[in-house]
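I have placed the structure first, in the form of structure tokens, so that the comments after it can refer back to it.
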Amino acid sequence: MSNNNNYDISDSTDCETYINQFIQEFTIRSAEIGKGTIIKRALPSRQKRLVGAWCFLDHAGPVSFPAGDGLDVGPHPHIGLQTFTWMIEGTMMHTDSLGSKQLIRPKQVNLMTAGRGISHTEVAPDIETKMHAAQLWIALPDDKRNMEPKFEHYPKLPVVIKDQVEFTILVGDFLDMVSPVQVHTPLVGVDLTAQANTKTRIPLNPNFEYAFMALEGIAQVNGHELNADNMVVLETGLTEIEVELTEGHRVLLIGGDRLNHQFCCGGILLGVRCKICNKHEKIGSIMMPVLVKFLIIKGSVSKHLYCLSK
Ligand code: MN
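Quick note: the sequence shown, position 145, residue 834 per the working numbering, numbers continuous.
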């Protein structure tokens, strides 16, 4: 038998079975925020706590409501992370203990870096009748966890159109475009909206893990159906993936370097009781006494700082 190496060896990465080993589907759950606003919560879940440093992912809407009945999330604190809001439809007013006051409109991003502590509110204007948004949290690395808090508003994000898909680069770099949004670990976030029934191959960073969430309609991710009730997660090691979309449908892609140690979000979210109404709220923190002292010194602590339901 001759030892002939001059034949084509098929690349195992071409094989569907190989690619599908990297893909998992997880069911996502519903949760209630504010007064009666139902959202889909993809992260954290029992099966998946983090995608890179993305540690929380809520999808709210699309929903219509009578003027005056919009989301009204009163003052509540965050530490050790960044909150990231991607507005798709409707408007929301952000205020915080730094004195920021910013209306967010569709196609805009609000990024609040909580660092060593901040308190904020998110309230729909009285005239608002629609809401569709994604809110994510980003865990800060150890050396940035206690950084000075800050708030940034990004009115315009880079957009690339390829294969009749509008890609909005929310975080990181993608298709040679770079988002201006300031994060502190290698991350990517992209909104994909189909302008027609289309199929596209998306380049991936093999060092990143990724997740897809449907924001409008459904999609096929390498043949796996992505819908309102699931999340499709890609393990590290892939260099591209095929996504099939129907006209008008929209998906969110997030990804990042897998974190190699227990990151903050699980540690931060310990339950506390509201000191005013004694109701249990899962917005507490092991750092809460420090945070509250800081906010009192700043003169920004609200009577119901602890409690989202007031
Ligand atoms: Mn918040």
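Ideal placement from N, C-alpha and C gives every residue a C-beta, glycine not left out. Fair warning: this is a prediction, and the values are worked out from it, not measured in the lab.
With 16 other Cβ atoms within 10 Å as the buried cut-off, status of residue i
{"i": "A885", "result": "exposed"}
{"i": "R939", "result": "buried"}
{"i": "L942", "result": "buried"}
{"i": "P895", "result": "exposed"}
{"i": "D918", "result": "exposed"}
{"i": "E905", "result": "buried"}
{"i": "T716", "result": "exposed"}
{"i": "A822", "result": "buried"}
{"i": "I858", "result": "buried"}
{"i": "L934", "result": "buried"}
{"i": "Y707", "result": "exposed"}
{"i": "E811", "result": "buried"}
{"i": "F834", "result": "In the sequence under discussion, the amino acid at residue 834 is Arg, which differs from the Phe named in the question. Answer is buried; the Cβ neighbour count reaches 16."}
{"i": "I850", "result": "exposed"}
{"i": "Y898", "result": "The question names Tyr, but residue 898 in the sequence shown is Glu. Burial call: buried."}
{"i": "N709", "result": "exposed"}
{"i": "S786", "result": "buried"}
{"i": "L845", "result": "Rather than Leu, the amino acid found at residue 845 in this sequence is Lys. Looking at its Cβ environment, which holds fewer than 16 other Cβ atoms inside 10 Å, K845 is exposed."}
{"i": "L881", "result": "buried"}
{"i": "I727", "result": "exposed"}
{"i": "K888", "result": "exposed"}
{"i": "K1000", "result": "Since the displayed the chain opens at 690 and closes at 999, residue 1000 lies outside it and no answer follows."}
{"i": "L739", "result": "buried"}
{"i": "L792", "result": "exposed"}
{"i": "T802", "result": "buried"}
{"i": "F747", "result": "With the sequence shown as reference, residue 747 is identified as Asp, and Phe is not the correct amino acid for it. Classification of D747: buried, given that the 10 Å Cβ count is 16 or more."}
{"i": "L825", "result": "buried"}
{"i": "L829", "result": "buried"}
{"i": "N694", "result": "Model confidence at N694 stands at a pLDDT of 44, short of 50, so the residue's coordinates are unreliable; what they give is reported in the following sentence. It is exposed - the Cβ of N694 has fewer than 16 other Cβ atoms within 10 Å."}
{"i": "L864", "result": "exposed"}
{"i": "A1001", "result": "The requested residue 1001 is not part of the displayed model; the chain covers only 690 to 999."}
Residue i: first and last residue of the uninterrupted beta strand (DSSP E) it sits in
{"i": "E714", "result": "I712 to T716"}
{"i": "Q791", "result": "K790 to I793"}
{"i": "R939", "result": "R939 to D946"}
{"i": "A813", "result": "It is not in any beta strand (DSSP E) - A813 carries neither H nor E in the DSSP assignment."}
{"i": "A822", "result": "K819 to A828"}
{"i": "K845", "result": "Note, K845: premise wrong, no beta strand (DSSP E); not H, not E."}
{"i": "L787", "result": "Premise fails: L787 is in no beta strand (DSSP E) and is neither H nor E."}
{"i": "K833", "result": "Note, K833: premise wrong, no beta strand (DSSP E); not H, not E."}
{"i": "E933", "result": "E929 to L934"}
{"i": "T772", "result": "L770 to E778"}
{"i": "R890", "result": "T887 to P892"}
{"i": "L876", "result": "L876 to A883"}
{"i": "V860", "result": "V854 to V860"}
Opening and closing residue of the alpha helix (DSSP H) in which residue i lies
{"i": "N799", "result": "Note, N799: premise wrong, no alpha helix (DSSP H); beta strand (DSSP E) at V798 to T802."}
{"i": "I708", "result": "E705 to N709"}
Going residue by residue through the stretch 899-923, where are the continuous beta strand (DSSP E) segments of at least 3 residues, counting only ones entirely within it?
908-910, 913-915 and 919-923
Where the beta carbon is closer than 6 Å to any heavy atom of the ligand MN, which residues qualify, in chain order?
H765, H767, T772 and H809
Ranges of the beta strand (DSSP E) found wholly within the stretch 729-760, counting only runs of at least 3:
743-753
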